[in-house]
Amino acid sequence: MEEKKLDINSLIGFVLIGGILIWMLYMNQSAPEEITPEGQTEQVVDSPEPTIEQPETNLAVTDSAAVAAAQSKLGAFGYSATLPSASENTTTVENDLLELKIDNKGGYISEARLKNYKTYDSIPVYLIKDGNSAFNINFTTTDGRVLDTQNMYFEPTVTKNGENTVVSMKLKVSPNEYLEYRYVLKPGDYMMDFSIRSQGLNDVFNSTNPLTLDWKLKGYRHAKSISYENRYTEIIYEYGGGDDDYVTDGDDEEEDVTYVAYKQHFFTSILLTDTPFETGKFVSKNLVDDEEVDTVYTKSFASTLPLQLKGGELNYNMNWYYGPSDYQILNNYDRNLDEVMPLGWGIFGWINKHIFIPFFGFLSSFLPSYGIAIIVMTIVVRIVLSPVTYKSYLSQAKMKVLRPEITELNEKFKDNPMKKQQETMKLYSKAGASPMSGCLPALMQIPVFYALFQFFPSAFQLRQKGFLWADDLSSYDTIAELPFTIPFYGDHVSLFPILASIAIFIYMMMTTGQNMQSQQPGMPNMKFIMYLSPLMMLFFFNNYASGLSLYYFTSNMITIGIMLVIKNFIIDEDKIHAKIQENKKKPKKQGKFARKMQEMMEQAEQQKKGKK
11 MEEKKLDINS LIGFVLIGGI LIWMLYMNQS APEEITPEGQ TEQVVDSPEP TIEQPETNLA
71 VTDSAAVAAA QSKLGAFGYS ATLPSASENT TTVENDLLEL KIDNKGGYIS EARLKNYKTY
131 DSIPVYLIKD GNSAFNINFT TTDGRVLDTQ NMYFEPTVTK NGENTVVSMK LKVSPNEYLE
191 YRYVLKPGDY MMDFSIRSQG LNDVFNSTNP LTLDWKLKGY RHAKSISYEN RYTEIIYEYG
251 GGDDDYVTDG DDEEEDVTYV AYKQHFFTSI LLTDTPFETG KFVSKNLVDD EEVDTVYTKS
311 FASTLPLQLK GGELNYNMNW YYGPSDYQIL NNYDRNLDEV MPLGWGIFGW INKHIFIPFF
371 GFLSSFLPSY GIAIIVMTIV VRIVLSPVTY KSYLSQAKMK VLRPEITELN EKFKDNPMKK
431 QQETMKLYSK AGASPMSGCL PALMQIPVFY ALFQFFPSAF QLRQKGFLWA DDLSSYDTIA
491 ELPFTIPFYG DHVSLFPILA SIAIFIYMMM TTGQNMQSQQ PGMPNMKFIM YLSPLMMLFF
551 FNNYASGLSL YYFTSNMITI GIMLVIKNFI IDEDKIHAKI QENKKKPKKQ GKFARKMQEM
611 MEQAEQQKKG KK
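If you're matching positions, the sequence shown starts at 11 in this note's numbering and goes up one per residue.
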């Protein structure tokens, strides 16, 4: 190895740096003492020892000029700037689930950490941190000043009320006149009591100008897939005594608002009030410009809510919730918070709430893996729906048996579409078959299909639970990373969507393929659809939760098995043919609708002949 030699440029640099350091030391030693306007040396008061009533604070340096400036700027609230708490400091409280930090400046929560959860890259889950949230009351004083509480200092006091920790943050006009934020943190609970009240400020607030509460939050990214997390990140609010709505990207306004939730897929921040806000304005903005670039935030949320004075004072009882988007936890509060979960509307939501969520919770309570719980639940669902599958396949078998006769009718009346339609309907009626009889059983499965489509992305229990090669059933599985990004597909290869696509293709081959006839004018190309559907599944689900792809793969494989059993051991096409021929010999009583349709077609045929 070549021996290093001293570089002349490095030597000059060291000499210059040494000279600068010596000059700085000399200047600091020779600087005179700073003198206050009264001519006395300024002193910094040491912080008192922390107690449960008074958190440790670094007292701000105050002098008459600073006090005068604060009083001039803040008017009556200038008193708060003279207190020892007028400093950049925080009060920390916690229970076994949450750790919260509350700032003296602004009096609001500046940090909220969920103790029992980690992000996709093993970092603690923070809903609030590093200035991503703001909570402010904007108001006008009687002397015409427009003030924001987020810029003023509150005085903190911490006490114990049984097992509860109580934090009082007071913005003071005098020792007995103040605006107070009161937080009550209970053990083992994500929900805390929160109240806003004032005392002795009826001659400070200008009642002719509105007071507004502004709550803002930028949602931190917590999941591996930014696009997938963003899809379920939104503002949800309750209004009008029980109705709810959401804002994903844009703005909205509503009256009589009782809660506002900033939902970040699997975690949620909620502000609830016992006294409804007269109106509420909500804004949601997407912060992800490029999903391929690593990002810190997903969306920004903002709510503007008016506050009403009663007797010139503020008095609102509220609640804060910082916790997981877990249906069971939210539903237990009996505050309609289950609507925060996107479980589907109408019958779809009912199926999830009353069937799938309880049943999946039961299975996962004793089975060794959440992946096995998904498979077992899928098996049960397919067995329950097997009669519907049987009806659908029986209808397809009848149509298959009738195909030669339908082909004969098409050829016989190829120049007379009206007559062909009449004869085809007569054949269906006599044989006891109908093309619609195969569609109706399929339509009956749609509520179950859509409910499960909503259930799996919302199942908090699947978060960071692995199965086979998937390390997180609530996110996509990865068997290969791509050195490039395929539009609509991504930069990785997921195996569960591939397996599900193959299963769908086999299923469609067994159903669509066996009844596929020659292409008719105006009819959709069934062969194209048969190939397109699995391809769409492959692309669409590559970034979806692997638990959902596992369900579709298992479901289609079970359905294929059931159909093979029905075809080979239950349904005999020869018997079906014989039964159809027997039905054709019997007089068939037509219903009113069928009879009316036939009469209309016959009249149309007669009119056509008359014209000729």
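Quick reminder that beta carbons are idealized off the backbone N, C-alpha and C, glycines included.
Treat the numbers as computed from the prediction; the structure is a model and nothing was measured.
Using 8 Å for Cβ pairs, my map puts residue i next to residue j. What's the rounded Cβ distance?
i	j	result
Thr278	Val183	Not really, about 36 Å apart at Cβ, beyond 8 Å.
Ser95	Tyr163	6 Å
Arg473	Phe276	5 Å
Gly229	Lys309	5 Å
Met547	Ile572	Met547 to Ile572, Cβ: 20 Å. No contact.
Phe465	Asn362	5 Å
Asp262	Asp255	7 Å
Tyr269	Thr283	7 Å
What residue range does the alpha helix (DSSP H) around residue i cover?
i	result
Glu263	From DSSP, Glu263 is part of no alpha helix (DSSP H) but of the beta strand (DSSP E) over Gly260 to Gln274.
Val2	With the chain covering only 11 through 622, there is no way to say anything about residue 2.
Leu462	Ile456 to Ser468
Gln338	Tyr337 to Asn342
Leu560	Ser556 to Val575
Leu373	Ile367 to Ser374
Ile357	Ile357 to Ile361
Give me the DSSP bridge partner(s) of residue i.
i	result
Tyr136	Arg123
Leu317	Leu221
Phe334	The question names Phe, but residue 334 in the sequence shown is Pro. BP columns for Pro334 point to Phe277.
Val350	DSSP lists no partner for Val350.
Met201	Tyr331
Ala312	Lys226 and Val293
Thr101	Ile112
Tyr163	Lys115
Thr169	Val176
Ser208	Leu189
Whose CA, out of the options, lies closest to the CA of residue i?
i	options	result
Leu324	Ala469, Asp253, Ile206 and Met179	Ile206
Thr495	Trp479, Asn296, Asn552 and Leu505	Asn552
Asn346	Phe311, Ser379 and Val267	Val267
Ile147	Leu137, Tyr136, Gln160 and Asp153	Gln160
Ile628	Met547, Phe549 and Ser335	Since the displayed the chain opens at 11 and closes at 622, residue 628 lies outside it and no answer follows.
Leu545	Thr258, Ala510 and Phe579	Ala510
Thr100	Val168, Pro134 and Leu124	Val168
Phe579	Leu404, Asn212, Asp300 and Asp344	Leu404
Glu187	Glu288, Gln431 and Gln209	Gln209
Trp360	Val458, Leu453, Leu412 and Thr417	Val458
Gly500	Pro197, Ser374, Lys234 and Gly198	Lys234
Val293	Thr152, Ile382, Ser132 and Thr314	Thr314
Glu165	Leu124, Gly117 and Phe470	Gly117
Tyr127	Ser143, Tyr400, Tyr332 and Gln406	Tyr332
Phe87	Arg123, Lys139, Thr151 and Leu108	Thr151
Determine the burial state of residue i: buried for a count of at least 16 other Cβ atoms within 10 Å of its Cβ, exposed for fewer.
i	result
Ile372	Checking the sequence, you will find Phe at residue 372 rather than Ile. The residue is exposed, with fewer than 16 neighbouring Cβ atoms inside 10 Å.
Met428	exposed
Pro185	exposed
Tyr541	exposed
Ser402	buried
Ser565	buried
Pro47	The pLDDT assigned to Pro47 is 34, lower than 50, so where the model puts this residue is not dependable; a value taken from the coordinates is nonetheless given after this. When all chains shown are included, Pro47 counts as exposed.
Ala271	buried
Arg392	buried
Trp479	exposed
Thr243	buried
Ile246	buried
Ile489	exposed
Val54	Confidence in Val54 is poor, its pLDDT being 31 and thus under 50, which makes the residue's placement too unreliable to answer from.
Lys114	Position check: residue 114 holds Asn in this sequence, whereas Lys was assumed. Burial call: buried.
Pro397	exposed
Phe498	exposed
Phe215	buried
Phe376	exposed
Could you tell me the boundaries of the beta strand (DSSP E) in which residue i lies?
i	result
Leu195	Glu187 to Leu195
Ile147	Ser143 to Thr150
Asn552	Segment: none, Asn552 is in no beta strand (DSSP E) and carries neither H nor E.
Tyr238	It is not in any beta strand (DSSP E) - Tyr238 instead sits in the alpha helix (DSSP H) that spans Ile236 to Arg241.
Ile112	Leu108 to Asp113
Asp254	Asp253 to Val257
His232	Run containing His232: none; DSSP gives neither H nor E here.
Gly154	Neither: Gly154 is in no beta strand (DSSP E) and is coded neither H nor E.
Ser184	Asn174 to Ser184
Leu492	Ala490 to Ile496
His364	No beta strand (DSSP E) contains His364, which DSSP labels as neither H nor E.
Asp501	Gly500 to Val503
Does chain C have any CB closer than 8 Å to the CB of residue i?
i	result
Ser217	This model lacks chain C altogether; it includes just one protein chain.
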